[in-house]
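Every number in the working numbering is 63 more than the matching position in the sequence shown, counting from 1. Cβ atoms here follow ideal geometry from the backbone N, Cα and C, with glycine treated the same way.
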Amino acid sequence: MPAARITLFPGSVVGRIDPRVYGSFVEHLGRCVYDGIHEPGHPTADAEGFRQDVLDLVRELGVTTIRYPGGNFVSGYRWEDGVGPKADRPVRLDLAWHSTETNQVGLHEFADWNRKAGTEPMLAINLGTRGVLDALDLAEYANRRSGTALADARIANGDVEPLGVRMWCLGNEMDGPWQLGHRSADDYGKLASQTAKALKQLDPGLELVVCGSSSAFMPTFGEWERTVLEHTYDDVEFISCHAYYEEYDGDTASFLGSAVNMDRFIETVAATADHVKALKRSDKTVFISFDEWNVWYLTRYEQQERITDPEVWPIAPRLLEDVYSVLDAVVFGSLMISLLKHADRVKAASLAQLVNVIAPIMTEPGGPAWRQTTFFPFALTSRLARGQVLRSEVTADLLPTARHGDVPLVDAVVTRDDDGSLTVVVVHRGLDEPTALQVDLGGDWTVAESHLLADPDPSAANTLQQPDRVGTRPVGAEVRDGALHLELPPVAWAIVHLVPASA
Ligand code: AHR
């Protein structure tokens, strides 16, 4: 049986985990909002139409921040459409997703839902078809206490207290030709800089995210980041990264190695940001908001025919409703390891998306809500991997892949919570045989809990018919002579939480 070893350096801290790395994303897309979080008439719906069964799962998932309202949707969005009496709200076309938007959920409903979910809102501004003034209006409407037309309008519309939105995205994927208002790095950089400066005039405490590339495979990747940051470096706290991974043509090995690409992506963007830092002679570090990441079978979506006639664009159609397998969830778990390994630089992230749309939570109108396979690695990592990331080194055999070269069979991250407990999160990419893993921790530890995600059938999934087909089970980990030992089956993700033996 192959063996892998992880050596821990407990005195060496990579970085503190910002809880906002466990964020997610709700876009007006498909059934994420309508028939997802919001379904008046559903047996569990509250007075505002929010599904309680979904809220329960969102809390269990352990998400911290929610990016809203897009995504591609935001580049055609007028936020004013979603405030005020519902009967007066206009019905609009959504050009991004060829849908009809009823605006029955808007800013106030979203804020209300966040309060119920215990999450923090993070708003994206439309810099595709709008500009500085609209951004200022929205920020003033949301955050100013009272005494101006906009703040008083918010109060009249039901929110007496300011919404207190801290994080703001300066547009969405402005490098993508599919984006409404797509522009060059230079043009976007200037607009983002003007908008950022204006927002900081309103409130210097806001945290701003400038758009990086929509993927590391974009032809402008690298140069886009440099140009945009040269315009905005002094005015923003974050640059965004977006990445989606899928299995191409049955190439499972490459798919399992996806996190290696994510590692390189993060490190390249950090290096580019530091290059601009040097050019600017700046003391400030710009962090990464990885505000869209997931497994997404995008090629399947692109092969589907789109409804072209806007006369018949549907309301909340079933779009991007990927059903995730065990294999998908193992890759997903490895992407979370990649985010955590870069805790010094990735200080925010948003799993795209939350409900129904490439989501860990699925719903049926009038029916149940259930956990996809990807729910488990997210919920467990969010609950157990808190505090600091410690430096660790993995020694493992290599898996040859067509897309990423040789990748380690095992990847891992080790975290230490403020109470002194340790968490080991590990992925096993081996396709055929188990691997014996030893983690040299030093000291005396007791396994408090452990969870394994693996299945003899890696294509197994949870569905409406079989919502509990896939779950996790204990790993069977034990500590001997200061080392954690466990056997990882093929295509597996595991998490082990340890407390000092004397505790
Ligand atoms: O998450 C789905 C879409 O992916 C988002 O709307 C867009 O930003 C990205 O291309």
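Exercise for the section: Return yes when at least one heavy atom of the ligand AHR lies under 7 Å from the C-beta of residue 276, else no. Expected result: Within the sequence shown, the letter at position 213 stands for residue 276. Not so, every heavy atom of the ligand AHR lies at least 7 Å from the Cβ.
Handout entry: When 94, 67, 261 and 263 are compared against residue 421, the one with the closest alpha-carbon
Key = For this step, residue 421 is matched to residue 358 along the sequence shown. Ranking 94, 67, 261 and 263 by Cα distance to residue 421 puts 94 first.
Handout entry: C-alpha gap between residue 121 and residue 344, whole angstroms
Key = Walking along the sequence shown from the start, residue 121 turns up at place 58. Walking along the sequence shown from the start, residue 344 turns up at place 281. Answer to the nearest angstrom: the Cα atoms are 43 Å apart.
Handout entry: Inter-residue spacing [alpha-carbon to alpha-carbon] between residue 329 and residue 317
Key = For the purposes of this step, residue 329 is taken as residue 266 along the sequence shown, with counting starting at 1. For the purposes of this step, residue 317 is taken as residue 254 along the sequence shown, with counting starting at 1. Each residue's alpha carbon lies about 18 Å from the other.
Exercise for the section: Please determine if the segment 524-537 and the segment 429-436 are in contact, where contact requires at least 3 C-beta pairs separated by less than 8 Å. Expected result: yes
Handout entry: Distance, residue 205 Cα to residue 301 Cα
Key = Residue numbering aside, residue 301 sits at position 238 when the sequence shown is read from its first letter. Residue numbering aside, residue 205 sits at position 142 when the sequence shown is read from its first letter. In a straight line, the C-alpha of residue 301 is about 21 Å away from that of residue 205.
Practice task
Return the CA-CA distance between residue 147 and residue 215, expressed in angstroms with no decimal places.
Solution key: Walking along the sequence shown from the start, residue 147 turns up at place 84. Walking along the sequence shown from the start, residue 215 turns up at place 152. Computed Cα separation, rounded: 12 Å.
Exercise for the section: Return the CA-CA distance between residue 307 and residue 288, expressed in angstroms with no decimal places. Expected result: Residue 307 sits at position 244 when you count from the first residue of the sequence shown. Residue 288 sits at position 225 when you count from the first residue of the sequence shown. In a straight line, the C-alpha of residue 307 is about 18 Å away from that of residue 288.
Exercise for the section: For residue 92, verify whether its CB is less than 7 Å away from any heavy atom of the ligand AHR. Expected result: Indexing the sequence shown from 1 puts residue 92 at position 29. Yes, the ligand AHR has a heavy atom inside 7 Å of this Cβ.
Practice task
Using alpha carbons as the reference points, say which of 234, 525, 186 and 134 lies closest to residue 226.
Solution key: Looking up residue 226 in the sequence shown gives position 163. Of the listed residues, the one whose Cα sits closest to residue 226 is 186.
Exercise for the section: Please name the residue in 561, 523 and 193 whose C-alpha comes closest to that of residue 389. Expected result: Indexing the sequence shown from 1 puts residue 389 at position 326. Selected option, being the one with the closest Cα: 523.
Problem - Range covered by the alpha helix (DSSP H) that runs through residue 340 - result: Here residue 340 is taken as the residue at index 277 of the sequence shown, counted from 1. That run of the alpha helix (DSSP H) goes 321-342.
Handout entry: C-alpha gap between residue 375 and residue 76, whole angstroms
Key = Taking the sequence shown and counting its residues from 1, the one referred to as residue 375 is at position 312. Taking the sequence shown and counting its residues from 1, the one referred to as residue 76 is at position 13. When rounded, the distance between both Cα atoms is 55 Å.
Practice task
Taking 8 Å as the cut-off, decide whether the C-beta atoms of residue 590 and residue 165 are in contact.
Solution key: The structure shown has nothing for residue 590, since the chain only spans 64 to 566.
Problem - Contact belief for residue 560 with residue 537 at Cβ below 8 Å, rounded distance in angstroms - result: Here residue 560 is taken as the residue at index 497 of the sequence shown, counted from 1. Here residue 537 is taken as the residue at index 474 of the sequence shown, counted from 1. In fact, because the Cβ distance is near 11 Å, the residues do not count as touching under 8 Å.
Problem - residue 360, buried or exposed, once every other Cβ within 10 Å from all chains shown has been counted against 16 - result: In the sequence shown, the residue the question calls residue 360 occupies position 297. So residue 360 counts as buried.
Problem - residue 424 Cβ short of 7 Å to the ligand AHR heavy atom set - result: Here the question's residue 424 lines up with position 361 in the sequence shown. False, no ligand heavy atom lies under 7 Å from that Cβ.
Practice task
For my contact list, residue 546 and residue 502 are in at a C-beta cut-off of 8 Å; report their separation, rounded to the angstrom.
Solution key: Numbered from 1 along the sequence shown, position 483 holds the residue referred to as residue 546. Numbered from 1 along the sequence shown, position 439 holds the residue referred to as residue 502. Sure, about 6 Å apart at Cβ, within 8 Å.
Problem - For residue 570, the three-state DSSP class (helix, strand or coil) - result: Only positions 64 to 566 of the chain appear in this structure, which leaves residue 570 out of reach.
Practice task
Pull up the distance between the alpha-carbon of residue 87 and that of residue 416, whole angstroms please.
Solution key: As a working note, residue 87 is residue 24 in the sequence shown. As a working note, residue 416 is residue 353 in the sequence shown. The alpha-carbon atoms of residue 87 and residue 416 are separated by roughly 6 Å.
Handout entry: Euclidean distance between Cα positions of residue 556 and residue 384
Key = What you label residue 556 is simply residue 493 of the sequence shown in a count that begins at 1. What you label residue 384 is simply residue 321 of the sequence shown in a count that begins at 1. If I take the Cα positions, the gap works out to 23 Å.
Exercise for the section: Using a Cβ cut-off of 8 Å (strictly closer), state whether residue 421 contacts chain B. Expected result: Annotation note: the requested chain B is absent from the structure, which comprises a single protein chain.
Exercise for the section: Report yes if the CB atom of residue 236 is closer than 8 Å to the CB atom of residue 305, and no otherwise. Expected result: Within the sequence shown, the letter at position 173 stands for residue 236. Within the sequence shown, the letter at position 242 stands for residue 305. Cβ atoms of residue 236 and residue 305: closer than 8 Å.
Practice task
Pair every Cβ in the segment 276-293 with every Cβ in the segment 237-256, then say whether three or more of these pairs are closer than 8 Å.
Solution key: yes
Practice task
Please specify which runs of the alpha helix (DSSP H), each continuous and at least 4 residues long, are wholly inside the segment 366-429, giving them in chain order.
Solution key: 389-404
Practice task
Examine the Cβ distances between the segment 90-108 and the segment 493-501 and report whether three or more of them are shorter than 8 Å.
Solution key: no
Exercise for the section: Helix, strand or coil for residue 472, going by three-state DSSP, please let me know. Expected result: Residue 472 sits at position 409 when you count from the first residue of the sequence shown. Here residue 472 sits in coil by DSSP.
Exercise for the section: State yes or no: is the C-beta of residue 136 nearer than 7 Å to some heavy atom of the ligand AHR? Expected result: Working through the sequence shown from its first residue, we reach residue 136 at position 73. Under cutoff, so the answer is yes.
Exercise for the section: Classify residue 408 as buried or exposed, calling it buried when 16 or more other Cβ atoms lie within 10 Å of its own Cβ. Expected result: The residue you call residue 408 lines up with position 345 of the sequence shown. Its Cβ being crowded by 16 or more others within 10 Å, residue 408 is buried.
Handout entry: Beta-carbon gap between residue 126 and residue 182 smaller than 8 Å
Key = Working through the sequence shown from its first residue, we reach residue 126 at position 63. Working through the sequence shown from its first residue, we reach residue 182 at position 119. For residue 126 and residue 182, yes; Cβs fall inside 8 Å.
Exercise for the section: For residue 501, write down the residues that DSSP places opposite it in a beta bridge. Expected result: As a working mapping, residue 501 is identified with position 438 in the sequence shown. According to DSSP, residue 501 bridges with 68 and 548.
Practice task
Determine, using beta carbons only, whether residue 177 and residue 129 come nearer to each other than 8 Å.
Solution key: Residue numbering aside, residue 177 sits at position 114 when the sequence shown is read from its first letter. Residue numbering aside, residue 129 sits at position 66 when the sequence shown is read from its first letter. Result yes, Cβ atoms of residue 177 and residue 129 sit closer than 8 Å.
Problem - The beta strand (DSSP E) enclosing residue 454, as first and last residue numbers - result: Start at 1 with the first residue of the sequence shown, and residue 454 comes out as number 391. Unbroken beta strand (DSSP E) run through residue 454: 451-458.
Exercise for the section: Tell me, please, whether the segment 217-231 touches the segment 183-202 by the rule of three or more beta-carbon pairs shorter than 8 Å. Expected result: yes
Exercise for the section: For the alpha helix (DSSP H) containing residue 291, list its first residue and its last residue. Expected result: Mapped onto the sequence shown, residue 291 falls at position 228. Its alpha helix (DSSP H) spans residues 286-295.
Problem - Any non-hydrogen atom of the ligand AHR within 7 Å of residue 528 CB - result: As a working mapping, residue 528 is identified with position 465 in the sequence shown. Every heavy atom of the ligand AHR is 7 Å or more from the Cβ of residue 528, so no.
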